[in-house]
Each structure stands twice: as structure tokens, then as C-alpha cells.
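Have a look at the structure below before the remarks.
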Amino acid sequence: MSDDDLRQRVEELEQRLGMLEDVHAIRRLHHLYGYFIDKCMYDEAVGCYDEECEIHFFGGIFRGLAGARRMYCDGFRNRFTDGKNGPVFGFILDHPQMQDVVDVSPDRKTALARFRCMMQAGTHYERNPNPTSISRQWWEGALYENGYIKRDGVWKIKMLNYRPVWICTFENGWAFTPPEFVPLQTTTYPDDPYGPDELTDYTPLRWPEHEVLPFHCVHPVTGKPIVTPPPGSAPRRD
Amino acid sequence: MSDDDLRQRVEELEQRLGMLEDVHAIRRLHHLYGYFIDKCMYDEAVGCYDEECEIHFFGGIFRGLAGARRMYCDGFRNRFTDGKNGPVFGFILDHPQMQDVVDVSPDRKTALARFRCMMQAGTHYERNPNPTSISRQWWEGALYENGYIKRDGVWKIKMLNYRPVWICTFENGWAFTPPEFVPLQTTTYPDDPYGPDELTDYTPLRWPEHEVLPFHCVHPVTGKPIVTPPPGSAPRRD
Amino acid sequence: MSDDDLRQRVEELEQRLGMLEDVHAIRRLHHLYGYFIDKCMYDEAVGCYDEECEIHFFGGIFRGLAGARRMYCDGFRNRFTDGKNGPVFGFILDHPQMQDVVDVSPDRKTALARFRCMMQAGTHYERNPNPTSISRQWWEGALYENGYIKRDGVWKIKMLNYRPVWICTFENGWAFTPPEFVPLQTTTYPDDPYGPDELTDYTPLRWPEHEVLPFHCVHPVTGKPIVTPPPGSAPRRD
Numbered sequence: 469m470s471d472d473d474l475r476q477r478v479e480e481l482e483q484r485l486g487m488l489e490d491v492h493a494i495r496r497l498h499h500l501y502g503y504f505i506d507k508c509m510y511d512e513a514v515g516c517y518d519e520e521c522e523i524h525f526f527g528g529i530f531r532g533l534a535g536a537r538r539m540y541c542d543g544f545r546n547r548f549t550d551g552k553n554g555p556v557f558g559f560i561l562d563h564p565q566m567q568d569v570v571d572v573s574p575d576r577k578t579a580l581a582r583f584r585c586m587m588q589a590g591t592h593y594e595r596n597p598n599p600t601s602i603s604r605q606w607w608e609g610a611l612y613e614n615g616y617i618k619r620d621g622v623w624k625i626k627m628l629n630y631r632p633v634w635i636c637t638f639e640n641g642w643a644f645t646p647p648e649f650v651p652l653q654t655t656t657y658p659d660d661p662y663g664p665d666e667l668t669d670y671t672p673l674r675w676p677e678h679e680v681l682p683f684h685c686v687h688p689v690t691g692k693p694i695v696t697p698p699p700g701s702a703p704r705r706d
Numbered sequence: 469m470s471d472d473d474l475r476q477r478v479e480e481l482e483q484r485l486g487m488l489e490d491v492h493a494i495r496r497l498h499h500l501y502g503y504f505i506d507k508c509m510y511d512e513a514v515g516c517y518d519e520e521c522e523i524h525f526f527g528g529i530f531r532g533l534a535g536a537r538r539m540y541c542d543g544f545r546n547r548f549t550d551g552k553n554g555p556v557f558g559f560i561l562d563h564p565q566m567q568d569v570v571d572v573s574p575d576r577k578t579a580l581a582r583f584r585c586m587m588q589a590g591t592h593y594e595r596n597p598n599p600t601s602i603s604r605q606w607w608e609g610a611l612y613e614n615g616y617i618k619r620d621g622v623w624k625i626k627m628l629n630y631r632p633v634w635i636c637t638f639e640n641g642w643a644f645t646p647p648e649f650v651p652l653q654t655t656t657y658p659d660d661p662y663g664p665d666e667l668t669d670y671t672p673l674r675w676p677e678h679e680v681l682p683f684h685c686v687h688p689v690t691g692k693p694i695v696t697p698p699p700g701s702a703p704r705r706d
Numbered sequence: 469m470s471d472d473d474l475r476q477r478v479e480e481l482e483q484r485l486g487m488l489e490d491v492h493a494i495r496r497l498h499h500l501y502g503y504f505i506d507k508c509m510y511d512e513a514v515g516c517y518d519e520e521c522e523i524h525f526f527g528g529i530f531r532g533l534a535g536a537r538r539m540y541c542d543g544f545r546n547r548f549t550d551g552k553n554g555p556v557f558g559f560i561l562d563h564p565q566m567q568d569v570v571d572v573s574p575d576r577k578t579a580l581a582r583f584r585c586m587m588q589a590g591t592h593y594e595r596n597p598n599p600t601s602i603s604r605q606w607w608e609g610a611l612y613e614n615g616y617i618k619r620d621g622v623w624k625i626k627m628l629n630y631r632p633v634w635i636c637t638f639e640n641g642w643a644f645t646p647p648e649f650v651p652l653q654t655t656t657y658p659d660d661p662y663g664p665d666e667l668t669d670y671t672p673l674r675w676p677e678h679e680v681l682p683f684h685c686v687h688p689v690t691g692k693p694i695v696t697p698p699p700g701s702a703p704r705r706d
């Protein structure tokens with residue numbers, strides 16, 4: 469083996485190892501993001517985003533750090549924690565994060581990833597004896613299809629796409645989710661001071677309607693594109 | 469350091485890095501398999517299997533791609549989705565996948581892995597106002613002890629062993645699972661057109677009986693075999 | 469490129485790859501620990517610990533292997549499994565483990581890690597028709613902030629810090645957790661034959677009070693320390 473061969477093998481190792489380090493860094497970033505939002509640490513959650521980020525959330529798009537701050541630090545903080553950056557008595561919003569599929573681009577500057585969470589959320593009766601039905605206590609299963617960007621060697625969230633699959637009360641379960649249980653975004657900023665910058669050009673379906681969030685990757689064995697099946701929606705009963 | 473030393477170190481790095489890449493590829497494969505079955509994308513799930521695969525499922529063994537297709541694309545599709553390859557209105561079968569323990573053989577051609585899932589499944593009342601008790605809505609905790617094989621550089625599922633630990637209705641919970649709540653496979657193909665190729669030579673215990681699915685690996689600290697304790701079954705009350 | 473350059477690059481690769489192998493080993497160790505405690509394999513769980521370990525559990529500290537054995541092999545085995553090392557009929561304590569954030573020290577001799585679990589636990593009615601409210605069936609969300617040490621190339625648990633976030637009955641949910649639902653440790657060994665060696669110098673808050681378990685790491689993007697917000701506790705209603 470010549471020196472040139474050896475040098476080339478070392479270069480290949482550096483590239484391949486770098487890819488695995490990137491996967492590790494992105495999993496770690498998303499897991500920490502999850503721990504932050506669990507504890508209403510919204511400043512820290514926004515700190516995970518790139519300046520040019522966008523967030524897709526219940527049919528709205530929040531753009532850039534100003535949009536991220538509006539969603540987390542203004543909207544969530546107003547709705548959930550009486551303005552505090554941190555946990556409050558009797559309010560829980562746990563988001564266990566799971567099932568990563570992280571794919572880094574060959575130039576190692578961007579990445580795409582699918583994750584999921586299964587949420588336990590609600591309000592203890594000592595905090596509020598009479599919350600609304602949904603805010604009493606609920607389960608929520610959701611997917612993410614996110615994008616990441618590396619700036620000066622640090623991975624940041626470029627695009628967070630949170631897509632609920634099902635939401636239900638603790639008491640009744642997913643077999644009895646009322647129609648259109650959780651509202652979608654309808655009003656943009658500044659008409660809604662906590663609203664998104666724009667509405668999505670698609671309408672996320674809500675359980676019991678059922679659709680596939682498109683996969684960012686090809687099939688892991690066949691290498692073919694993963695074709696998104698049509699949604700399993702039913703005619704409206706009007 | 470001589471050139472020979474350096475070359476040997478590079479070779480060792482290639483082997484060790486390859487092992488980690490294999491672990492990453494197998495986690496990714498299992499996680500994608502999980503996303504596919506969530507959405508009733510049974511063609512894509514079968515696409516994850518090797519030609520010489522086997523599937524252990526509720527006391528039956530499905531062999532080869534023909535067996536896999538019979539289970540997913542014939543049986544599940546008939547039972548769950550009215551023949552569609554994809555999600556349907558008001559039916560959910562979410563399988564969050566977790567807690568990987570992936571071990572690759574030194575020759576990097578095969579691997580064994582333990583995973584688990586915690587399922588949310590059922591039928592919305594708008595789809596079927598009167599499902600059976602079990603199909604209304606249920607929780608299911610289960611383990612996997614799977615085998616994998618690498619063919620032309622691509623990891624495939626060689627053996628999927630799905631072992632439920634507990635199953636219960638959403639309403640009543642695991643403290644009140646009825647005896648023999650979910651039936652085991654009893655009839656093979658072709659007597660049952662969706663049946664397995666053969667029955668297992670063991671009978672998986674069903675909660676509230678309680679057994680250990682044997683571990684594929686040795687103890688991570690002591691390096692000794694992990695001895696499978698006897699099941700925690702009770703005498704039948706006949 | 470000179471030979472010296474190449475040698476340095478190989479050395480850097482060895483260090484970086486070693487770090488990723490350590491992360492993998494620690495995830496694997498914690499996941500196996502989780503599978504062991506699920507199945508009441510307390511000997512195997514204790515086998516994951518270092519001789520100089522400590523365990524923080526509900527306000528008590530168990531020290532060394534003697535303390536670990538007292539907690540798992542004496543206490544848990546007495547309370548849960550009638551002395552058996554393994555699963556028993558009608559008792560479940562499933563701990564799905566998730567959301568790892570594993571950080572290895574530069575010398576690769578120690579590591580810190582955050583994990584979480586979401587537990588399904590309880591007693592089937594055929595085992596005990598009249599358990600206490602809490603032991604009938606419960607959900608439990610908890611965090612870990614653990615420490616690890618490498619001895620002769622093998623990673624072991626140096627410090628396990630288990631911190632419940634919320635506990636509730638299956639029937640009533642986290643909105644209705646009674647005050648001080650689960651007791652903290654109050655009596656040390658040997659006054660309590662299963663008690664801890666000492667009590668913690670902090671009192672873990674119990675839901676509906678709500679605090680942040682401090683993070684072992686800096687913010688993944690800003691690199692700044694993650695400041696622990698004050699707990700969200702409310703004045704007692706006496």
C-alpha cells in the first residue's frame with residue numbers, strides 16, 4: 469500500500485466518522501429541545517433555532533427567530549406559564565422523544581430527520597379545578613419532519629415541522645376524539661399577536677382523518693422513493 | 469511508528485467505524501419499519517425483509533417473503549384497512565419504537581437486536597360505533613428480539629420476533645386484562661388463508677402470566693450469559 | 469502531507485471514534501439496565517453498577533454495591549416479587565427508556581447522561597383483587613441524570629439519579645394525583661432494613677409541584693450553561 473492509498477483511506481474515514489458525529493449531534497439537539505419544552509424553558513428552546521428557521525405548527529408557519537420567539541416566548545408563555553420561563557405548579561407538558569431517523573447530506577452542512585413524541589399534558593385540579601375539557605389532561609401522538617443546518621460547526625434547527633397524529637382526553641381516549649378537537653391556526657400576525665407569519669398552503673388533517681407525513685428519505689432497503697399514500701379521510705357528514 | 473503500524477491502525481479504525489455504521493443502519497431500518505406499520509404501508513414493511521426471513525407473531529411463524537406478504541399484505545390489510553396500502557379513516561395502530569440494543573457480528577454480515585414498542589391502537593367511533601371490546605381502543609407493550617443480515621451492503625430484517633408483554637383496553641388497563649385476551653395463532657396456511665406456515669414449538673405466555681424474552685447478548689458489565697429466569701406463571705384456576 | 473501529519477490525523481480519528489463508541493456503550497448499558505428492572509432481574513441490575521456507586525431514589529441515597537443490593541435485591545424483591553429474581557405472575561413494572569443525551573469526558577474515563585422513562589406498572593386482579601390504590605395500576609413519568617465510569621475498558625453505572633416527574637393512577641390521571649401520593653424515604657438503614665444509607669440534602673418536589681432536574685451539559689447551540697429555573701411550586705393550602 470502506498471502512502472497515497474493510506475492518505476485516501478484516512479480522508480474517507482474522516483468523512484464517514486464526521487457523518488456519524490453529525491447524526492449524534494442532531495439526535496442530541498432534538499432530545500435537548502424536547503427536555504426544554506417539557507419544562508417550559510422557552511428561551512432555551514428558541515436558542516436551538518437558526519436565524520433563518522421556520523416552524524410549521526397546526527397549519528401556521530412562524531418564520532425566523534422573531535417568529536419562533538412569538539410562538540414560544542409570547543404565545544406559549546402567555547397560554548401556559550403566566551409569563552414564566554420555566555415550570556409552573558400543576559401544569560405538565562411532557563414530550564418523550566423517540567424513533568430518530570437522521571440523514572446528513574454528503575457535504576455535511578444540512579440534515580433531515582424524522583422523530584416522534586407521545587405527549588402527556590394537562591392541568592392539575594389544584595391549579596385549576598375547572599379547566600376546559602382539552603386542557604384538563606390529554607394524550608397526544610405526533611411526528612416531526614425536521615431540517616437542520618450547520619453554522620460554524622454547530623447544528624441548529626432550520627425547520628421544525630410538528631404534525632399531530634391523534635389527540636384525545638385522558639378520560640375518553642382516541643376512539644372518542646371529538647371532531648376538530650383542536651383548532652388550526654386561522655389568523656396571522658399581527659391580527660393575532662401570537663399568530664404565525666402565514667398559513668400553510670396545506671391543511672393538516674385531524675384525527676379521525678388519517679394521513680402520512682411524507683418521508684424525507686428513500687426506502688432503507690429498496691432505495692426507491694417512499695410514495696406517500698393518499699389520506700384515509702372519509703366524506704364529511706354534513 | 470512504522471508505515472506498517474499506521475496501516476494496521478487504519479484497518480482497525482475501518483472495522484470499528486464500520487460496526488458503528490452498521491448499528492446506525494439497523495436502528496434506522498427498524499425505526500422506518502415502525503413508521504411504515506403505523507401507517508399500514510404494508511408493501512413498504514415487507515420491503516424491509518430478506519428473502520429468507522421469518523416472522524414470529526403470536527405463536528405462528530411466517531416464512532420467506534411469501535409468508536411476510538401473507539401476514540402483512542393479505543392478513544393485516546384484510547383485517548385493518550379494507551385492502552388499502554396506507555392509512556384509513558378512523559383506524560390507528562401507532563407503534564413508538566424505543567430502547568435499541570444492537571449487536572453486530574465481528575464479520576459485519578449479521579446482527580441481533582432487542583427493541584420495544586408501546587402501542588396505541590383502535591377504531592374511532594365515527595368509523596365503527598360498535599367495535600369489539602379489544603378493537604375499540606387498546607394499549608400494548610411489546611418486545612422484539614430481531615435478527616438482521618447484510619446483502620450487497622444493505623441491511624435487511626432476517627428474523628422479526630414480536631412478543632407482546634401486556635395488552636389491555638384503554639378503559640380498563642393492565643390490571644384488568646381478561647384471561648387469554650388476544651388469541652394465539654392456531655391454524656396454519658392454507659387452512660387459514662392468512663395463517664402462518666407453522667406454529668412455534670413454544671407457547672408465548674400472555675399477561676397476567678409473565679416471562680422473560682431471552683436476551684441475545686451477554687451481560688454488559690460482567691460479560692456472563694444472561695440466564696433467563698423461569699416464567700412467573702401461576703397454576704391455572706380450573 | 470508528511471507521515472507526521474498522517475499519524476496525527478489517525479490519532480485524532482481514534483479519539484473521536486472512541487468517544488462515539490463510548491456513547492454507544494453507555495446507551496446500550498442503560499437500555500439493558502431498563503430491560504433488567506422491567507423483569508425484576510435485580511441481580512443483573514446490580515451487576516451494572518460500579519463498586520463505588522450511589523443511587524438517588526425518592527430522597528434517599530444508597531451507597532456502594534451493598535447499598536444497591538439492599539435497594540434492589542432486598543427491598544424491591546421483598547416488596548414486588550416474593551423474593552424471586554425474575555418476573556412473577558400478575559406484576560408489571562415496565563420502564564421504556566428514551567431520549568438519551570450522553571456526554572463523555574475528554575479523557576474517556578467518565579460520562580454523564582440524561583435519560584427518561586415512562587412507566588406502566590401495577591398488579592393484575594388475579595394476583596391481588598384488592599391492592600392499594602397506588603399499587604393497582606399506575607403511570608409514572610421520570611427523568612434520570614446519571615454518571616458512568618470506565619473500569620478496565622468496561623462502562624459501569626457510577627451514579628443513578630432517578631427523579632419522578634409525575635405519578636398517577638391509571639384510572640384518574642395526572643390531573644388528579646393526590647397530594648404527596650408516593651412517600652419519600654424517611655428512615656435510613658439499619659432502622660429501616662431496606663432503607664438508604666442517608667437522606668438527600670434536597671427534597672425532591674412531587675407533582676403537582678414542578679421543578680427542573682438540573683442538566684449536566686451546556687446548551688447545545690449557544691454553549692452557555694443551562695440555568696435551572698426556580699421550581700413552580702405554590703404555597704401550601706393549609
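Just so you know, the protein sequences line up as chains P, V and Y, in that order. The number in the numbering used here is simply the position in the first sequence, starting from 1, with 468 added. The number in the numbering used here is simply the position in the second sequence, starting from 1, with 468 added. The number in the numbering used here is simply the position in the third sequence, starting from 1, with 468 added. Backbone N, C-alpha and C define an ideal beta-carbon position, used for all residues, glycine too. Predicted, not measured: the structure shown is a model, and the values here were computed from it.
- The shortest C-alpha to C-alpha distance from I635/V to any of L628/V, R595/V and P646/V is the one to P646/V.
- Around the beta carbon of A534/Y, a 10 Å sphere encloses fewer than 16 other beta carbons of the protein chains shown; the residue is thus reported as exposed.
- Taking one beta carbon from each stretch, the stretch 507 to 515 of chain Y and the stretch 627 to 642 of chain Y have fewer than 3 pairs nearer than 8 Å; the two do not touch.
- Note that the stretch 658 to 666 of chain Y touches the stretch 515 to 531 of chain Y; at least 3 beta-carbon pairs, one per stretch, sit closer than 8 Å.
- Here E594/V is not near P597/P, since their CB atoms are 7 Å or more apart.
- By the 16-neighbour rule on beta-carbons within 10 angstroms, K626/P is buried.
- DSSP, reduced to helix, strand and coil, places Y510/Y within a helical segment of the structure shown.
- Distances from the CA of V569/Y to each of H492/Y, S603/Y, Y540/Y and T654/Y were compared; the closest alpha carbon is that of H492/Y.
- If you draw a straight line from the Cα of E482/V to the Cα of I602/P, it is about 53 Å long.
- Just so you know, the alpha carbons of M487/V and R576/V end up roughly 7 Å apart.
- Residue-level contact by beta carbon fails for C521/P and chain Y, as no gap is shorter than 7 Å.
- Beta-bridge annotation (DSSP): A643/V is not paired with any residue.
- Judged by their CB atoms, Q565/P and Q588/Y are not nearer to each other than the 7 Å cut-off.
- Within a 10 Å sphere around the beta-carbon of Y503/V sit 16 or more other beta-carbons, which makes this residue buried.
- With a cutoff of 7 Å on beta-carbon distance, N629/Y and E608/Y are scored as not near each other.
- Taken in chain order, the complete beta strand (DSSP E) segments of 3 residues or longer contained in the stretch 560 to 624 of chain Y are 565 to 572, 578 to 591 and 605 to 619.
- Separation of T655/P and E489/P (C-alpha to C-alpha, rounded to the nearest whole angstrom) is 41 Å.
- For the stretch 563 to 591 of chain V, the set of residues with a beta-carbon nearer than 9 Å to any beta-carbon of chain Y comprises P564, M566, Q567, D568, V569, V570, D571, R582, R584, C585 and M586, in chain order.
- For a cut-off of 8 Å, the C-beta gap from T578/Y to I523/Y is around 17 Å, too long to register as a contact.
- Residue pairing for T637/P: DSSP places it in a beta bridge opposite W606/P.
- Contact between D562/Y and V633/V is confirmed by a C-beta separation of about 7 Å, below the 8 Å threshold.
- Within the same chain, and ignoring the five residues on either side of W606/Y in sequence, the residues whose Cβ sits closer than 7 Å to its Cβ are A589, G590, I635, C636, T637 and F638.
- A Cβ-Cβ separation of about 7 Å places V556/P in contact with C508/P under the 8 Å criterion.
- Residue pairing by DSSP places V686/V opposite P693/V in a beta bridge.
- By DSSP's assignment, E522/V forms a beta bridge with R531/V and M627/V.
- Residues of the stretch 632 to 655 of chain V with a Cβ closer than 8 Å to any Cβ of chain Y, in chain order: V633, W634, G641, W642, A643, F644, T645 and P647.
- Under the DSSP assignment, N546/Y falls in the alpha helix (DSSP H) whose first and last residues are R545 to F548.
- At a cut-off of 7 Å between beta-carbon atoms, L485/Y makes contact with chain P.
- Contact between I505/P and A581/P does not hold, since their C-beta atoms are separated by about 17 Å, which reaches or exceeds 8 Å.
- By the Cβ neighbour-count rule, D518/P is buried, with 16 or more other Cβ atoms within 10 Å of its own.
- If you check each beta-carbon in the stretch 671 to 689 of chain P against every beta-carbon of chain V, the ones closer than 8 Å belong to W675, P676, E677, H678, E679, V680, F683, C685, H687, P688 and V689.
- Here DSSP, grouped into helix, strand and coil, assigns L673/P to coil.
- Proximity of R604/V to chain Y, defined by a Cβ-Cβ separation below 7 Å, is not satisfied.
- Not flagged as an interface residue toward chain P: R538/V, since no C-beta distance is shorter than 7 Å.
- Straight through space, the alpha carbons of D471/V and D472/P are spaced by roughly 12 Å.
- Looking only at V686/V, G691/V and V695/V, the smallest Cα-Cα distance to V680/V is reached by V695/V.
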